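J.: Numbering (the working numbering), first residue to last: 4 to 167. Cβ coordinates follow ideal geometry from the N, Cα and C atoms, glycine included. Since the structure is predicted, the reported quantities are computational estimates derived from the model, not experimental observations. Following this message is one structure expressed as structure tokens.
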């Protein structure tokens with residue numbers, strides 16, 4: 004049978020809500036400052052993920068900018084769009100399970116790991132000359148990751164329940 008998960012769980016409103024919540028949190032996390040950097044008392048700046056990608060690109064750090072862009076911006080959006088498709092589009096069980104399997108594997112390489120590495124790169128580059136304070140964007144971004152992971156696990160559980 005090729006039913007959508009939404010069709011099988013018509014009263015399960017939490018999945019679309021969680022996907023939309025994750026998208027909103029991600030957009031907030033990407034656009035809001037993640038950290039405030041203060042260098043030698045005179046210079047202060049705040050960086051968001053988007054500003055970080057732009058700054059790395061402008062500093063000719065193309066590989067780092069590309070990695071950060073794809074794993075912190077593109078991949079999370081693709082993952083959430085895929086979850087929405089898995090939820091709404093009728094798929095054969097085998098195809099749905101395969102898609103969820105790949106999303107799970109790719110999710111392990113997604114936002115959090117690359118995000119932490121990117122922050123570490125910045126911290127190492129600045130060294131002891133700078134004071135770095137986390138900002139709200141960091142918490143929005145972390146919340147987006149958490150909600151996205153919970154949503155993925157929940158959809159996987161629902162799919163396994165229907166596949167049995």
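Tell me whether residue 162 sits in a helix, a strand or coil according to DSSP, three-state version.
T.: DSSP places residue 162 in helix when its eight states are reduced to three.
J.: What does residue 6 pair with, by DSSP beta-bridge criteria?
T.: Residue 6 is not bridged to any residue.
J.: Cβ atoms of residue 147 and residue 29: under 7 Å apart, would you say?
T.: Cβ distance < 7 Å, so residue 29 and residue 147 count as in contact.
J.: Note the first and the last residue of the continuous alpha helix (DSSP H) segment covering residue 19.
T.: Note, residue 19: alpha helix (DSSP H), 17-34.
J.: Between which two residues does the beta strand (DSSP E) harbouring residue 89 extend?
T.: Residue 89 -> not in any beta strand (DSSP E); alpha helix (DSSP H) instead, spanning 78-91.
J.: Helix, strand or coil: which one does DSSP assign to residue 65?
T.: Helix.
J.: Can you confirm whether the segment 138-155 touches the segment 15-27 when touching is taken to mean that 3 or more C-beta pairs between the two stretches lie within less than 8 Å?
T.: They touch, by the three-pair rule.
J.: Whole-angstrom Cβ separation of residue 56 and residue 68, contact assumed at under 8 Å?
T.: Confirmed, Cβ separation roughly 5 Å.
J.: Could you compute how far the alpha carbon of residue 60 sits from the alpha carbon of residue 163?
T.: About 43 Å.
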